[in-house]
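First up is the structure itself, then whatever we jot down about it.
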Amino acid sequence: VRISASQACGCGRIGYQMAWETDRAAEDDMLTAEGLTLLVDAESRPYLEGSTIDYKKEAMSEGFFISNPNAQQGCSCGSH
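Take 331 as the starting number for the sequence shown in my numbering and just add one per residue.
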């Protein structure tokens, strides 16, 4: 699974994407945990520093959740 992160708007909010990947680029970091291999590209690395990725299954939602203590919460620019 490739995980990508980038600044989503001018206010500093970070956007995340996850996608199935079959090819690993030379500059990708490869992380393996709980049987899942994650690929992180060099541009995404700074945005994911210190993050925790967890899979949660709750009554009304299920999926991967990214908790990033370095990311701004919400969006103060009013565009989101």
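By construction, the Cβ of each residue, glycine as well, lies at the ideal position given by its N, Cα and C atoms. Values in this document were obtained by computation on a predicted structure and should not be read as measured data.
Taking all protein chains shown into account, decide if residue i is buried (16 or more other Cβ within 10 angstroms of its Cβ) or exposed.
{"i": "Leu-366", "result": "exposed"}
{"i": "Tyr-385", "result": "exposed"}
{"i": "Ala-355", "result": "exposed"}
Below 7 Å CB to CB, which residues in the same chain sit around residue i once its five sequence neighbours on both sides are set aside?
{"i": "Ser-391", "result": "none"}
Taking the continuous beta strand (DSSP E) assigned at residue i, which residues delimit it?
{"i": "Arg-375", "result": "Where Arg-375 is concerned, there is no enclosing beta strand (DSSP E), although the alpha helix (DSSP H) it sits in stretches over 375-378."}
{"i": "Ser-334", "result": "332-337"}
{"i": "Thr-382", "result": "382-387"}
Pull up the distance between the alpha-carbon of residue i and that of residue j, whole angstroms please.
{"i": "Pro-399", "j": "Ile-344", "result": "11 Å"}
{"i": "Phe-395", "j": "Thr-382", "result": "8 Å"}
{"i": "Glu-388", "j": "Asp-353", "result": "32 Å"}
Note down, in chain order, each residue of its chain lying with its Cβ closer than 6 Å to the Cβ of residue i, except the 5 sequence neighbours on either side.
{"i": "Ala-349", "result": "Arg-332"}
Can you list, in chain order, the residues of its chain with a C-beta nearer than 8 Å to that of residue i? Leave out the 5 residues immediately preceding and following it.
{"i": "Glu-357", "result": "Asp-371, Ala-372"}
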